[in-house]
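*Asks:* My questions all concern the structure below.
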């Protein structure tokens, strides 16, 4: 089965700086890569996703890049704000099943 | 409000108890999921239902028994649990099953097994 690794497990940045979270996956057939944000005590919510036919996707201050050859994808948050503080999860999903494989999460703290 | 609700929000049960978790989605989705979220571990997909039919069962112990009476409701029946089963149990729904659909999560049930 698929194996998703996520780094770093914790990340602290100054407000206004950028944050980058990286994930690797093992199954080259995986073709859907969502990122979820989970604030303390709240449910995970999708913030951005990318499919394998695209190398980069951007939505305001967040962007995701995908390198299919190296089997890794990254979340980039620019101009971080305190409200970006949360746990971020990456996931990979192969096309021929009903599985989602999540990373272990990155706890991001944005220091005002 | 994402349209996925879960009850109860908190549950404490002994190892010999029987209890059930309930999930309801108001989004008109066709697929529903149960996940287990433990500290410092990845979200673990437990069960997937598509149009009320179970399509995935990820080697979950038989002390967890899912039920999906219709596409809007999902239950997780619990019996003779172990302390290591204490976790946050999240329900999710999506427009369809299979990869490529956004998962809409409920708020979760915080389960403590004593």
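Protein chains in written order, with the working numbering: chain V, 1454 to 1565; chain S, 42 to 155. Where a beta carbon is used, it is the ideal one built from N, C-alpha and C, also for glycine. All of these numbers come straight from a predicted model, not from anything done at the bench.
#1: Could you tell me the alpha carbon to alpha carbon distance between residue 1468 of chain V and residue 1520 of chain V, rounded to whole angstroms?
#2: Between residue 91 of chain S and chain V, is there a C-beta pair that is closer than 8 Å?
#3: Does the beta-carbon of residue 1430 of chain V have 16 or more other beta-carbons within 10 angstroms, so that it is buried, or is it exposed?
#4: Does the segment 70-81 of chain S come close enough to the segment 1502-1511 of chain V that 3 or more CB-CB pairs lie under 8 Å?
#5: Using the beta-carbon of each residue, which ones in chain C are nearer than 8 Å to residue 143 of chain S?
#6: Taking 8 Å as the cut-off, does the segment 1472-1483 of chain V touch the segment 1531-1551 of chain V (at least 3 CB pairs, one atom from each stretch)?
#7: If you draw a straight line from the alpha carbon of residue 1512 of chain V to that of residue 1501 of chain V, how long is it in whole angstroms?
#8: Skipping 5 residues on each side, what residues in its chain have a beta carbon closer than 6 Å to that of residue 109 of chain S?
#9: Between which two residues does the beta strand (DSSP E) containing residue 46 of chain S stretch?
#10: Once you ignore the five residues that flank residue 146 of chain S on each side, which residues in its own chain have a CB closer than 6 Å to its CB?
#11: My output table needs one value for residue 1536 of chain V: the three-state DSSP class, helix, strand or coil.
*Replies:* Taking the geometry as given:
#1: Residue 1468 of chain V and residue 1520 of chain V: Cα-Cα distance of roughly 28 Å.
#2: Taking Cβ atoms only, chain V reaches closer than 8 Å to residue 91 of chain S, which makes this a yes.
#3: Outside the displayed range of chain V (1454 to 1565) lies residue 1430 of chain V, so it cannot be described from this structure.
#4: The segment 1502-1511 of chain V is not in contact with the segment 70-81 of chain S.
#5: The displayed structure is made up of protein chains V and S, and chain C is not among them.
#6: The segment 1531-1551 of chain V, when compared against the segment 1472-1483 of chain V, does touch it at the 8 Å Cβ threshold.
#7: Distance between the alpha carbons of residue 1512 of chain V and residue 1501 of chain V is about 8 Å.
#8: The beta carbon of residue 109 of chain S sits closer than 6 Å to those of 90, 93, 115, all from its chain and outside the five residues before and after it, given in chain order.
#9: Counting along the chain, the unbroken beta strand (DSSP E) around residue 46 of chain S starts and ends at 45-48.
#10: Counting only Cβ-Cβ distances below 6 Å, and skipping sequence neighbours, we find 131, 133.
#11: Helix.
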